[in-house]
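S.K.: Here the numbering used here is used: the first residue of the sequence shown is -6, the next is one more, and so on.
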Amino acid sequence: MDTNNVNVPQRVAIIAGAGDFPKLVARAARSANVEVIVFGVRGFAESGLADLAHHIEWIELGQLDYAIQLLHKLSVSNVILAGRIPHTSIFQYRHFDFRAVKLLARAVNKKADTLLGILSQELEKEGIHVLDSSIFLKSLMPQPGLLTSKRALTAEEEENIAFGWPIAKSIAGLDIGQTIVVKDKMVVAVEAAEGTDECIARAAQLAGPGCVVIKVSKPNQDLRFDIPVIGKRTIETMIRARASTLAISARECLVFDQDVVLAEADAHGIVIVACEKK
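#1: Report the rounded CA-to-CA distance for residue 259 versus residue 224, giving the unit in angstroms.
#2: Would you be able to state if there are at least three C-beta pairs under 8 Å between the region 225 to 240 and the region 152 to 165?
#3: Measuring alpha carbon to alpha carbon, tell me which residue in 142, 57, 178, 26 is nearest residue 45.
#4: Got a sec, what are the start and stop residues for the alpha helix (DSSP H) residue 192 sits in?
#5: If you run the structure through DSSP and keep just helix, strand and coil, what is residue 26?
#6: Going by DSSP, which residues form a beta bridge with residue 10?
#7: Look at the alpha carbon of residue 116 and the alpha carbon of residue 184, and state the distance between them as a whole number of angstroms.
#8: Can you tell me which of 200, 209, 134, 13 puts its alpha carbon nearest to the alpha carbon of residue 189?
#9: With distance defined between alpha-carbon atoms, name the residue in 234, 187, 220 nearest to residue 206.
#10: How many angstroms separate the CA atom of residue 100 from the CA atom of residue 13?
#11: If contact is defined by three or more beta carbon pairs under 8 Å, each pair taking one atom from either stretch, is the region 30 to 50 in contact with the region 70 to 83?
#12: Confirm the yes/no value for this check: CB of residue 161, any heavy atom of the ligand MG, distance under 7 Å.
#13: Taking DSSP's pairing of strands, which residues face residue 88 in a bridge?
#14: Please work out which residues of its chain come closer than 7 Å, Cβ to Cβ, to residue 103, disregarding the five sequence neighbours upstream and downstream, and give them in chain order.
#15: Which of helix, strand or coil does DSSP assign to residue 242?
#16: What is the rounded straight-line gap between the Cα of residue 137 and the Cα of residue 220?
#17: What is the DSSP secondary structure of residue 179, counted as helix, strand or coil?
#18: What is the C-beta distance between residue 211 and residue 166, in whole angstroms, given that I count them as a contact (C-beta under 8 Å)?
#19: Is the Cβ-Cβ distance between residue 193 and residue 161 less than 8 Å?
#20: Might you give, ordered along the chain, the residues of its own chain that have their beta carbon closer than 7 Å to the beta carbon of residue 43, omitting 5 neighbours on each side?
#21: How about residue 93: is its C-beta nearer than 8 Å to some C-beta of chain B?
#22: Over what stretch of residues does the alpha helix (DSSP H) that includes residue 72 continue unbroken?
#23: Taking the alpha helix (DSSP H) that residue 256 falls in, what are its first and last residues?
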């Protein structure tokens, strides 16, 4: 486990949403001899997280004041936000406490960066620091270059990446989504609230096989939250879509289950490349 010489806390709370991200963070933190406390968001976090935590609490989405009081009670001053919470969940106010409602009312818009930013500010006011969510997972962020090994990029694929990359960066900078799909130098799908897999599937319906998927970090990516992630589901969706290429941001995109992802990509003729373009 490589933390790039940062100061590693002795105890950390993982505020866990859906997917494998929280489990990977928990395992890596424990391997670094860090005490792991999990705050699982009901309806999103997986029950198996209990096996990876020294202590687990279950909270409803929007129980902000309760979560902060629990963090203080457990003497936790460092948290990591990990896992998916669909952006559209903010429209379901059923369990939002007064503090969470006030926070939402203060937001100038409902973009992910805005909401996560004001949440982080609220936690910092309480002496609770939001850490880089990749702090224990730096080895899963590829360096520039081809990650797959069976074939090189074709000239057409390189041209589609060069065409689409600045567009993807611009869209990511607007906090709309981090993924676009390109074919024949035409953007055929843009990720929004539905997520990456649905974006890829929609592109296949519109443009057929041979699409190039581009997933980028935001300009000046805040590594505390919303880091781009690919994993088994991504490559399975690309296989079903018969996409040809996946281009990701070098050093700023997490690749989960790397061995499986790369083996499956190679087996189906998909090239995965980590790019350094700005």
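All C-beta atoms, glycine included, are put in the ideal place defined by N, C-alpha and C.
M.R.: Checking against the coordinates, here is how it stands:
#1: 14 Å
#2: yes
#3: 26
#4: 189 to 200
#5: coil
#6: Partner(s): none; residue 10 has no beta bridge.
#7: 29 Å
#8: 209
#9: 234
#10: 29 Å
#11: yes
#12: Looking for the ligand MG in the displayed structure turns up nothing, as the structure carries no ligands at all.
#13: None, per the DSSP bridge assignment.
#14: 83
#15: strand
#16: 17 Å
#17: strand
#18: 6 Å
#19: no
#20: 49
#21: In the displayed structure, chain B is absent; only one protein chain is listed.
#22: Premise fails: residue 72 lies in the beta strand (DSSP E), 71 to 75, not in any alpha helix (DSSP H).
#23: 251 to 260
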